[in-house]
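*Asks:* Line by line, the protein sequences give chains A and B.
Letter by letter, the first sequence follows residues -15 to 145 in the working numbering.
Letter by letter, the second sequence follows residues 199 to 536 in the working numbering.
Note that the Cβ used here is the ideal one computed from N, Cα and C, for glycine as well.
I have a structure here, written as structure tokens, and I will follow up with some questions on it.
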Amino acid sequence: MGKKQQMEKMTPEQQHYQKMAKKHEVKRPVVKNCIKAFFVGGSICLIGQFLQYGYMFFFDFNESSAGDPTVATLIIVATLLTGLGVYDRYAQFAGAGTAVPVTGFANSVASAAIEHRTEGYVLGVGGNMFKLAGSVIVFGTFSAFVIAFIRTIWMTWGGTG
Amino acid sequence: MRVGARTWQFEHTPVIKSTGVIGGPFEGNGAIPDDFDSIHEDLWLGQDSYEKAQKVLTEEGCLKAIDKAGLKKEDVQFVLSGDLLNQITSTSFAFRKLPIPYLGLFGACSTAMEGLALASFIVDAGGADHILTGSASHNAAVEKTFRYPTEYGGQKPPTAQWTVTASGFALVGSEGDGPKVTSATIGHVIDMGLSDPFNMGGAMAPAAVDTIEAHLHERGVDASYYDLIVTGDLGHIGRPIALELMEERNLNVTNEQFQDCGLMVYREGQPVLAGASGTGCSAAVTYGHLLNRMKRNEFQRMLVVATGALLSPLTFQQNESIPCIAHAVSIESGGDEL
Chain A
-15 MGKKQQMEKM
-5 TPEQQHYQKM
5 AKKHEVKRPV
15 VKNCIKAFFV
25 GGSICLIGQF
35 LQYGYMFFFD
45 FNESSAGDPT
55 VATLIIVATL
65 LTGLGVYDRY
75 AQFAGAGTAV
85 PVTGFANSVA
95 SAAIEHRTEG
105 YVLGVGGNMF
115 KLAGSVIVFG
125 TFSAFVIAFI
135 RTIWMTWGGT
145 G
Chain B
199 MRVGARTWQF
209 EHTPVIKSTG
219 VIGGPFEGNG
229 AIPDDFDSIH
239 EDLWLGQDSY
249 EKAQKVLTEE
259 GCLKAIDKAG
269 LKKEDVQFVL
279 SGDLLNQITS
289 TSFAFRKLPI
299 PYLGLFGACS
309 TAMEGLALAS
319 FIVDAGGADH
329 ILTGSASHNA
339 AVEKTFRYPT
349 EYGGQKPPTA
359 QWTVTASGFA
369 LVGSEGDGPK
379 VTSATIGHVI
389 DMGLSDPFNM
399 GGAMAPAAVD
409 TIEAHLHERG
419 VDASYYDLIV
429 TGDLGHIGRP
439 IALELMEERN
449 LNVTNEQFQD
459 CGLMVYREGQ
469 PVLAGASGTG
479 CSAAVTYGHL
489 LNRMKRNEFQ
499 RMLVVATGAL
509 LSPLTFQQNE
519 SIPCIAHAVS
529 IESGGDEL
């Protein structure tokens, strides 16, 4: 149901109130949040870039294969910070900056696992670990499938990839 | 005795004989640490789950109130209490060890005043000599029930409120010394169509104003009769909305007189966004901070209007709006009658 339809279903009293309440509502500081997210998220990516070069320079990785240990390192660090209880504090400041990179994904899995530890390993940790990350996996996999499907058809019809 | 449609005026004026107020570490670091009977430095309260920690808050609050009144468990006839967790288990579990006849309540964050209104009514009608009432909330347990895991790095909007880790219990007696409960007004469920669970204050403000209006009208007093009209917990967003609504309805409530429990618990600078909330908030602030101030004679009469948002995580996901409620109870120091 769209916002407009919802408004139409409301009584005049409700509409009047919502208009009034809207005035007092403190808006999310979107521009400020975007700038903070840009710099924090950018810094995380910069660290990732250093890691990638590190793996290429000090270990036997090339540009494409260095991605795997880089992501793994970031995930381990984010999970540790979540367990130590500090990740969420930075997140209130950074917003999308810590949520969008792979660290945010690690945080959502680790935090859910910690949260439901008291309900046991199987039903608690196992059953709830992907409570937040689950939708990312589902729709990520699905969109990958759709894109791959389109690409396959394109290629078969003689397009160039 | 009932006056008007939904207000009780208590003829035998039940008294709040004693209170038990317990707080967590974040609250101990807040604006009113001296108003807690005891403060826990450990968020787990020595338990292995936050739900159990919330149960301990309830147990300790009850025992403290009984102890301070110089009574024994057996002297208390009933307990009326509730919390925010599913099926109010942590409250029910607390009374496994405290064998007092128990009535579980759910009014979300209005539970404290729902309990005080009912307890006072029962005592006033001669149904009991002593009733224990109050509620507890634990930040991490409530976050788990209603929102995201505690360690999840989600960014909250400035309208969000912070659930307190605290409990407040009052022992209501038929006679003795202490602040008197003089009247109570029961609220309607009011839904103004707001559906953002990160803006509870905005959703609850109309319920508070509706109950305040009904109370003043049915009790037949002007707003100036009260030194303080305290809502729990509208926060920074809900309070100015409620003030504007009351102005619209000519209720004559002034800015100084109209205060909010959600804005009293924490210091400036604590990261609580729009203020405090939770069943323990209005309970702990009323039974701790406000009654202490009343005892110091800073004011004589107050109307406590506890507001509750009656949603669940399920109803929010199903795109339901948030129905809200508010119950008002007037507490007055002894002396001059109406």
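#1: I need the straight-line Cα distance from L509(B) to V15(A), nearest angstrom please.
#2: State whether the region 356 to 374 of chain B contacts the region 312 to 330 of chain B, with contact taken as three or more CB pairs (one from each stretch) at a distance under 8 Å.
#3: Rounded to the nearest angstrom, what separates G460(B) and C522(B) at their Cα positions?
#4: If you measure beta-carbon to beta-carbon, which residues of the region 348 to 366 of chain B are closer than 8 Å to chain A?
#5: How about Q468(B) and G228(B): are their beta carbons less than 9 Å apart?
#6: Closest by CA to P223(B), which one among M199(B), L488(B), S365(B), P355(B)?
#7: Listing by chain order, which chain A residues have their CB less than 8 Å from the CB of Y346(B)?
#8: D240(B): buried (16+ other C-beta within 10 angstroms of its C-beta) or exposed?
#9: For A474(B) versus Q359(B), is the C-beta distance shorter than 9 Å?
#10: Do the CB positions of N397(B) and V362(B) come within less than 9 Å of each other?
#11: Hey, is E249(B)'s beta-carbon within less than 9 Å of any beta-carbon in chain A?
#12: Please state whether the Cβ-Cβ distance between L501(B) and I427(B) is less than 9 Å.
#13: One question on the structure: do A292(B) and T343(B) come within less than 9 Å of each other, judged by their Cβ atoms?
#14: Would you call the region 479 to 498 of chain B and the region 294 to 312 of chain B in contact, with 3 or more CB pairs under 8 Å?
#15: Can you find the residues in the same chain that come closer than 6 Å, C-beta to C-beta, to G533(B), ignoring five residues on each side of it along the sequence?
#16: With 9 Å as the threshold, decide whether the Cβ of A50(A) is near any Cβ in chain B.
#17: Of all Cβ atoms in chain A, is any one closer than 9 Å to the Cβ of P404(B)?
#18: Does chain A have any CB closer than 9 Å to the CB of I520(B)?
#19: Quick check on T363(B): does DSSP put it in helix, strand or coil?
#20: Quick check on L296(B): does DSSP put it in helix, strand or coil?
#21: Name the residue from E47(A), Y37(A), M113(A), N17(A) whose alpha carbon lies nearest to the alpha carbon of A83(A).
#22: Are there three or more Cβ pairs, one per stretch, closer than 8 Å when the region 93 to 111 of chain A is compared with the region 121 to 136 of chain A?
#23: Measuring straight from C-alpha to C-alpha, what distance separates K271(B) and S216(B)?
#24: Using 9 Å as the threshold, is the C-beta distance between A315(B) and T429(B) below it?
#25: Buried or exposed, going by whether 16 or more other CB atoms sit within 10 Å of the CB of S48(A)?
#26: Would you tell me roughly how many angstroms separate the C-alpha atoms of F234(B) and G221(B), rounded to the nearest one?
#27: Per DSSP, I164(B) forms a beta bridge with which residues?
#28: When burial is assigned at 16 or more other CB atoms within 10 Å of the CB, is W206(B) buried or exposed?
#29: Whole angstroms are fine: how far does the CA of A368(B) sit from the CA of C559(B)?
*Replies:* For this structure:
#1: Against the second sequence, residue 509(B) aligns to sequence position 311. Against the first sequence, residue 15(A) aligns to sequence position 31. Looking at the two C-alpha atoms, the distance is approximately 31 Å.
#2: yes
#3: Your numbering for residue 460(B) matches position 262 in the second sequence. Your numbering for residue 522(B) matches position 324 in the second sequence. So the two alpha carbons sit approximately 16 Å from each other.
#4: T348, E349, Y350, G351, G352, Q353, K354, P355, P356, T357
#5: Here residue 468(B) refers to the residue found at position 270 when the second sequence is read from its first residue. Here residue 228(B) refers to the residue found at position 30 when the second sequence is read from its first residue. Cβ distance < 9 Å, so Q468(B) and G228(B) count as in contact.
#6: Counted from its first residue, the second sequence places residue 223(B) at position 25. The residue with the shortest Cα to Cα distance from P223(B) is S365(B).
#7: In the second sequence, residue 346(B) corresponds to position 148, counting from 1. What Y346(B) touches in chain A: S95, L116.
#8: On the second sequence, position 42 is the one that residue 240(B) refers to. It is exposed - the Cβ of D240(B) has fewer than 16 other Cβ atoms within 10 Å.
#9: The sequence position of residue 474(B) within the second sequence is 276, counting from 1. The sequence position of residue 359(B) within the second sequence is 161, counting from 1. Yes, these two residues count as a Cβ contact at 9 Å.
#10: Reading the second sequence from its first residue, position 199 is the one you call residue 397(B). Reading the second sequence from its first residue, position 164 is the one you call residue 362(B). It is not a contact, given that the beta carbons lie outside the stated cut-off.
#11: Numbered from 1 along the second sequence, position 51 holds the residue referred to as residue 249(B). Closer than 9 Å: yes.
#12: Locating residue 501(B) in the second sequence gives position 303, counting from the first residue. Locating residue 427(B) in the second sequence gives position 229, counting from the first residue. Their beta carbons are under 9 Å apart, which means L501(B) touches I427(B) by this criterion.
#13: In the second sequence, the residue the question calls residue 292(B) occupies position 94. In the second sequence, the residue the question calls residue 343(B) occupies position 145. Not in contact: A292(B) and T343(B) (Cβ atoms no closer than 9 Å).
#14: yes
#15: What you label residue 533(B) is simply residue 335 of the second sequence in a count that begins at 1. Residue confidence for G533(B) is low, a pLDDT of 49 falling below 50, so the modelled location carries little weight and cannot support an answer.
#16: Residue 50(A) sits at position 66 when you count from the first residue of the first sequence. Taking Cβ atoms only, chain B never reaches closer than 9 Å to A50(A), which makes this a no.
#17: For the purposes of this step, residue 404(B) is taken as residue 206 along the second sequence, with counting starting at 1. Cβ-Cβ to chain A under 9 Å: yes for P404(B).
#18: Residue mapping note: residue 520(B) aligns to position 322 of the second sequence, counting from 1. Not an interface residue.
#19: Residue 363(B) sits at position 165 when you count from the first residue of the second sequence. Coil, per DSSP.
#20: Walking along the second sequence from the start, residue 296(B) turns up at place 98. Coil.
#21: Taking the first residue of the first sequence as position 1, residue 83(A) is located at position 99. Of E47(A), Y37(A), M113(A), N17(A), the residue nearest in Cα terms is N17(A).
#22: no
#23: Locating residue 271(B) in the second sequence gives position 73, where the first residue counts as 1. Locating residue 216(B) in the second sequence gives position 18, where the first residue counts as 1. When rounded, the distance between both Cα atoms is 14 Å.
#24: Translated into positions along the second sequence, residue 315(B) becomes position 117. Translated into positions along the second sequence, residue 429(B) becomes position 231. Going by C-beta atoms, A315(B) is not nearer than 9 Å to T429(B).
#25: Working through the first sequence from its first residue, we reach residue 48(A) at position 64. Classification of S48(A): exposed, given that the 10 Å Cβ count is below 16.
#26: Here residue 234(B) corresponds to residue number 36 of the second sequence, with the count starting at 1. Here residue 221(B) corresponds to residue number 23 of the second sequence, with the count starting at 1. About 6 Å.
#27: Outside the displayed range of chain B (199 to 536) lies residue 164(B), so it cannot be described from this structure.
#28: Counted from its first residue, the second sequence places residue 206(B) at position 8. With 16 or more Cβ atoms within 10 Å of its Cβ, W206(B) is classed as buried.
#29: Since the first residue shown for chain B is 199 and the last is 536, residue 559(B) is missing from the structure and cannot be characterised.
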